[in-house]
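Using this note's numbering, you'd call the opening residue of the sequence shown number 74 and step up by one each time.
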Amino acid sequence: KVAVCFFGDGALGQGLLYEVMNMASLWKLPVIYVCEDNLYNEYTHNSETTAGTMEARAAAFGIPTVTVDGQDAREVFAAMTGLVERARRGEGPSFIRAQTYRYHGHHVGDVARAYYRSPEEEALWRTERDPITILGSWLTTTGQASTDQLVAIQAAAQAEVEAGVAFALDAPFPEVEEVTDHVYA
Numbered sequence: 074k075v076a077v078c079f080f081g082d083g084a085l086g087q088g089l090l091y092e093v094m095n096m097a098s099l100w101k102l103p104v105i106y107v108c109e110d111n112l113y114n115e116y117t118h119n120s121e122t123t124a125g126t127m128e129a130r131a132a133a134f135g136i137p138t139v140t141v142d143g144q145d146a147r148e149v150f151a152a153m154t155g156l157v158e159r160a161r162r163g164e165g166p167s168f169i170r171a172q173t174y175r176y177h178g179h180h181v182g183d184v185a186r187a188y189y190r191s192p193e194e195e196a197l198w199r200t201e202r203d204p205i206t207i208l209g210s211w212l213t214t215t216g217q218a219s220t221d222q223l224v225a226i227q228a229a230a231q232a233e234v235e236a237g238v239a240f241a242l243d244a245p246f247p248e249v250e251e252v253t254d255h256v257y258a
C-alpha cells in the first residue's frame, strides 16, 4: 500500500509538513508527497513567500524529488507509476512538484482574483495549458481518439455533472435530529 498526500505550495511554509516528511524518511514509509505548485499561496505569488526551491525542502530529508508538468496527465502518470513502484519496494517516501494552476479562487470568497493575478494569465492557462485539451490533442494526434469522440465524452461528462447538481439542489434538507449522526465526539 502507498499513501499519497496532496497539498498546495502554500503548505511548504508550515512546520507540520516537515515533521511528517522527517518521520516518513526515517521510517522509510511508502508515501508520495504531491505538491500542487499552482503559483499562489492563497492571494500571494509563491515567489514572495517561498525561499529557495520547493524541491530542496524534501531533499533536506533525503527524499527524492521529481518536478512534472502537472497539466500533462501522461507525464504525471509516468512519474507516479515509478514512484509507487519505488515505495512498494520499501525505498521510502518521494516528493513530486506538480506545476499546475488553480483556475478558481482559493476559497468561495476569493472572487477578486484580478487583484493578485491578471486575466491574461488566467486566459493563457485556460487555453494553452488546459490539461484536458493537452491530453485530447495527444489522443487525436496519435489516432487514439477522434475529435467527435472527445466532444461526445465532454457532453456526457457535462450532463452527468448537471444531473448531480440538480439532484443535490432538489434533495431535501436533513432533519434537525440528524445533526449529530455519525459524529464520534
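Cβ coordinates follow ideal geometry from the N, Cα and C atoms, glycine included.
Quiz item: Could you give the residue range of the beta strand (DSSP E) that holds Y106?
Solution: Sequence index remark: in the sequence shown, residue 106 carries index 33 (1-based). Here the beta strand (DSSP E) through Y106 covers 104 to 110.
Quiz item: Hey, how far is the Cα of E148 from the Cα of A185?
Solution: In the sequence shown, counting from the first residue as 1, residue 148 sits at position 75. In the sequence shown, counting from the first residue as 1, residue 185 sits at position 112. Rounded to whole angstroms, E148 to A185 spans 32 Å at the Cα level.
Self-check item: Endpoints, the beta strand (DSSP E) within which Q172 is located
Solution: Taking the first residue of the sequence shown as 1, we reach residue 172 at position 99. First-last of the beta strand (DSSP E) with Q172: 167 to 172.
Self-check item: Integer-rounded CB distance, given that V77 should sit under 8 Å from V107
Solution: Residue mapping note: residue 107 aligns to position 34 of the sequence shown, counting from 1. Residue mapping note: residue 77 aligns to position 4 of the sequence shown, counting from 1. Between V77 and V107 the Cβ distance is about 6 Å, and since that is below 8 Å, they are a contact.
Quiz item: Under a three-way DSSP split, which group does A160 fall into?
Solution: As a first step, residue 160 must be located in the sequence shown, where it is residue number 87. Helix, per DSSP.
Exercise. Taking only the alpha-carbon atoms, compute the straight-line gap between G216 and E128 and give it to the nearest angstrom.
Key: Numbered from 1 along the sequence shown, position 143 holds the residue referred to as residue 216. Numbered from 1 along the sequence shown, position 55 holds the residue referred to as residue 128. Near 36 Å, if we compare the C-alpha coordinates of E128 and G216.
Practice problem: Rank P247, I105, D243 by C-alpha distance to the C-alpha of A160 and give the top, closest one. | Solution: The residue labelled residue 160 in the question sits at position 87 within the sequence shown. Of the candidates P247, I105, D243, the one whose C-alpha sits nearest the C-alpha of A160 is I105.
Quiz prompt | Nearest residue (CA-CA) to G165, options P247, A232, V157 | solution = Working through the sequence shown from its first residue, we reach residue 165 at position 92. Of the candidates P247, A232, V157, the one whose C-alpha sits nearest the C-alpha of G165 is V157.
Quiz item: In whole angstroms, what is the alpha-carbon distance linking R199 and G83?
Solution: The sequence position of residue 199 within the sequence shown is 126, counting from 1. The sequence position of residue 83 within the sequence shown is 10, counting from 1. Approximately 22 Å between the Cα atoms of the pair.
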